[in-house]
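A.B. asks:
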Amino acid sequence: MQLRSAAGVVLAILAGCLAQYSSAQSSAPSPPPGTPPAPPSPGTPINSSQTPVPTEVLPLNGSYLTTKDQANGPTIIVNEHGEEVVINGLGWFGFNTGGTAPLDLTKGTTALSQDFNMIVWRMKMLGFNAIRLPFIFDSHWGLGLNPPTALTRACVVPNVTGANSIDGSMIPPAFPNLPLGNTNSLPQAPPTVNEGICNYYMPADSTLTRFVWVVEQFIAQGFYVNLDYHGNKYTDSLGNAQGKLFIDLVNEPDGFGINWEAQPLLGYPGLKDLYLHTIDALYPICPSCIFLVEGTGQDKICGNNWGNGFATNQTLVKTVDVSDPTPFFRKVLQRPWLAQLVIAPHFYCPGVSQATECYAGPTQWQGFDDTVGYLSVAPGFCDPNTKKCKVFSVIVDEFGSTLNSTVETSCMTSIIAYMNAAPETGNNHAPMLSWYYWAWQPQSNGTGGMVGDDWTTIRWDKVNSLTGGTNDWPEGVGMAPWYLKAFNQTAPTFAVSPLSNEPLNVTIVNTATPALPGIVRRRALSA
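Residues -19 to -1, 1 to 508 (mature numbering (1 follows the signal peptide of the UniProt record, and there is no 0)) are what the sequence shown spells out, left to right.
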């Protein structure tokens, strides 16, 4: 699939910030305090040194997210109470591939795969607390594609209990050797499918309205939402997302052929300037958002994946001859939004990366350390001039595997060891136990889905790889489904109305930054 997006600026739903002003909000709200001047016209080179740094932002008087340095540990993500927030997330695409909804609510044979609320409930019961939603504004593939696919339809609703039941679909063949909770019944009842009509509650007037509703519904069910950028606009609506939003600024920038430095002969902007310009513009609007950045331009480092190019070791950068993010990090250390920035690498196996070497064991771990891991432990990145240093928080923004070969299982075992900072992986990185698994649906090339090819059966081997506690997967990455004692039942049930009581008030703002070239992406159906 060729992406038709102009991916120069983040596409984001910036809800929590405007909620602080919801009582005074009109149909045409004034720009919030601290909004910087309009950015350059399309095609105008960005000089980040001339980009105004906001000095006034919206007050953080509600829920919010930020990062916190620790004297004897990694930098962590915390909420407004100073409590650590650990992300166990999942990708679900469709708004970026012409689906006009998370794909694919027409597949399978029952409400288990065809009803949106039912799928969200299943995700919750598996222990996921966050969702990653790729999207674009493109009229062929994204939120501009109208009318949206009709998804309100009659469907078969299984019994809640008994043979071939809703609850039965959530019981693994065997429980892992970990502390168990109540394994006799699920802690939350599934949502009701009224009169056998799936998705009766889902908006159908426009794809954009449906997308905003999907974000609202996930937040209403206690999820954090990662808005995975694929466009050149952003919306600043929604009133209930304070402290729930992660903004993924540019997905796999390697795929667009851009480097940290501008490439004038090709007409490509530098990722450094795109990131700085974008966050400078968005931070005054959403100081409670976490901004996720992916690396680029370092494919030649063995063990590197798309999105992981953050190496700044000058000997390595010059010897291998790769793009250098040092100027970006030097600027970041001076920005008021430094604590809102999180490094977001992708860890993949050969089914996605096409790697023929450095995909497991010490060579893989060295590649991860060189390009990402060093940022997560002291001293982190140090400005060679000012000597100021910063340790960054890291979220593994995508990882996953089909687990259909010894190569894939060996690679995934190696990735899990690295994310746990197991002793054999060395001490040049911190544990990375906040993550987004790719993906829910089975037609994701190179990884498959959390459900099988029938769109209904849970892939329990993948669940076990995330929980650990089995012979095949002794170590996991912290996920706790409903049957484990560690299951965190913080989200509300579906007793709440699935429709928002507040009118959707969507404001689209064109940020007018240079476009990136359209290319054929590595994975035909993916983020």
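Ideal Cβ placement from N, Cα and C applies to all residues, glycine included.
In this text, all values refer to a predicted model and were calculated from it rather than measured experimentally.
Starting from Glu197 and walking both ways along the alpha helix (DSSP H), at which residues does that stretch end?
C.D. replies: Residues Thr188 to Ala201.
A.B. asks: Does the beta carbon of Asn165 come closer than 7 angstroms to any beta carbon on chain C?
C.D. replies: Annotation note: the requested chain C is absent from the structure, which comprises a single protein chain.
A.B. asks: Between Gly276 and Pro331, how many whole angstroms is the CB-CB distance? I'm expecting something under 8 angstroms.
C.D. replies: Not quite, the Cβ-Cβ distance comes to about 20 angstroms (not below 8 angstroms), so this is no contact.
A.B. asks: Taking all protein chains shown into account, do 16 or more other C-beta atoms lie within 10 angstroms of the C-beta of Asp435, making it buried, or fewer, making it exposed?
C.D. replies: That one is exposed.
A.B. asks: Tell me the DSSP secondary structure of Asp148 in three-state form.
C.D. replies: DSSP places Asp148 in helix when its eight states are reduced to three.
A.B. asks: Ignoring anything shorter than 3 residues or poking outside the region 404 to 454, list the beta strand (DSSP E) runs there in chain order.
C.D. replies: Entirely contained in the region 404 to 454, the beta strand (DSSP E) runs reaching 3 residues are, in chain order, 416 to 418.
A.B. asks: Going by C-alpha to C-alpha distance, which of Ile200, Gln202 and Leu252 sits closest to Leu230?
C.D. replies: Looking at the Cα atoms, Leu252 is the closest of the given residues.
A.B. asks: Anyone know if the C-beta pair for Asp209 and Arg113 falls short of 7 angstroms?
C.D. replies: Yes.
A.B. asks: Under the three-state reduction of DSSP, which class applies to Pro23: helix, strand or coil?
C.D. replies: Note that Pro23 scores a pLDDT of 28, beneath 50, so its modelled location is shaky and nothing firm can be said.
A.B. asks: Whole angstroms are fine: how far does the CA of Gly177 sit from the CA of Pro139?
C.D. replies: Going by the C-alpha atoms only, they are around 10 angstroms apart.
A.B. asks: Does the Cβ-Cβ distance between Leu124 and Leu189 come in under 7 angstroms?
C.D. replies: Yes. Within cutoff.
A.B. asks: Give a yes or no on whether the C-beta atoms belonging to Thr293 and Thr307 are separated by under 7 angstroms.
C.D. replies: Closer than 7 angstroms, so yes.
A.B. asks: Does DSSP classify Asn175 as helix, strand or coil?
C.D. replies: Residue state, collapsed to three classes: helix.
A.B. asks: Can you tell me which of Gln422, Ser382, Thr448 and Leu447 puts its alpha carbon nearest to the alpha carbon of Thr437?
C.D. replies: Answer by Cα proximity: Gln422.
A.B. asks: With DSSP as the reference, label Cys270 as helix, strand or coil.
C.D. replies: Three-state result, Cys270: coil.
A.B. asks: Gln51 lies in the beta strand (DSSP E); which residues open and close that run?
C.D. replies: Run containing Gln51: Leu46 to Gln51, per the beta strand (DSSP E) assignment.
A.B. asks: Quick check on DSSP: helix, strand or coil for Leu39?
C.D. replies: Any answer about Leu39 is weak, because its pLDDT of 40 lies below 50 and its placement is not dependable; what the coordinates show is given next. Coil.
A.B. asks: Rank Cys392, Trp318 and Ala185 by C-alpha distance to the C-alpha of Tyr340 and give the top, closest one.
C.D. replies: Nearest option by C-alpha distance: Cys392.
A.B. asks: By DSSP's criteria, Lys281 is part of a beta bridge. Which residues make up the other side?
C.D. replies: Its beta-bridge partners do not exist; DSSP assigns none.
A.B. asks: Going by CA-CA distance only, name the one from Val67, Leu319 and Gly449 that's closest to Lys225.
C.D. replies: Among Val67, Leu319 and Gly449, the Cα nearest to that of Lys225 belongs to Val67.
A.B. asks: Run through DSSP, which three-state label would Ile112 get?
C.D. replies: Three-state DSSP puts Ile112 in a strand.
A.B. asks: Hey, out of Asp254, Pro250 and Cys267, whose CA is closest to Ala222's CA?
C.D. replies: Ranking the options by Cα distance to Ala222, first place goes to Cys267.
A.B. asks: Taking buried to mean at least 16 other C-beta atoms within 10 Å of its own C-beta, is His258 buried or exposed?
C.D. replies: Looking at its Cβ environment, which holds 16 or more other Cβ atoms inside 10 Å, His258 is buried.
A.B. asks: Grab me the residues of Trp102's own chain with a C-beta within less than 6 angstroms of its C-beta, minus the 5 sequence neighbours each way, in chain order.
C.D. replies: Correct list, in chain order: Pro171 and Pro172.
A.B. asks: Helix, strand or coil: which one does DSSP assign to Val377?
C.D. replies: Val377 falls in the strand class under three-state DSSP.
A.B. asks: State yes or no: is the C-beta of Leu323 within less than 7 angstroms of the C-beta of Ser357?
C.D. replies: One detail in the question is off: residue 323 reads as Val in this sequence, not Leu. Not a contact, by the Cβ cut-off of 7 angstroms.
A.B. asks: Exposed or buried, Pro245, counting other C-beta atoms within 10 Å across all chains shown (16 or more means buried)?
C.D. replies: Pro245 is exposed by the Cβ-count criterion.
A.B. asks: Can you name the residues that DSSP bridges to Gln244?
C.D. replies: The partner list for Gln244 (beta bridge, DSSP) reads Tyr249.
A.B. asks: My output table needs one value for Cys370: the three-state DSSP class, helix, strand or coil.
C.D. replies: Strand at Cys370.
A.B. asks: Taking the C-alpha atoms as reference points, what is the distance between Val298 and Thr428?
C.D. replies: Whole-angstrom Cα-Cα distance: 31 angstroms.
A.B. asks: Can you tell me whether DSSP reads Leu167 as helix, strand or coil?
C.D. replies: DSSP places Leu167 in coil when its eight states are reduced to three.
A.B. asks: Using three-state DSSP, classify Pro355 as helix, strand or coil.
C.D. replies: The sequence shown places Tyr at residue 355, not Pro. Of the three classes helix, strand and coil, the one that applies to Tyr355 here is helix, per DSSP.
A.B. asks: Report the partner residues of Phe76 according to the DSSP bridge assignment.
C.D. replies: Paired residues: Phe116.
A.B. asks: If you run the structure through DSSP and keep just helix, strand and coil, what is Ile57?
C.D. replies: Three-state result, Ile57: strand.
A.B. asks: Could you please give me the residues that DSSP links to Ile239 through a beta bridge?
C.D. replies: Note: Ile239 sits in no beta bridge, so no partner.
A.B. asks: Return the residue from the list Tyr249, Ser120 and Thr91 that minimises the CA-CA distance to Phe237.
C.D. replies: When each option's Cα is compared against that of Phe237, the closest is Tyr249.
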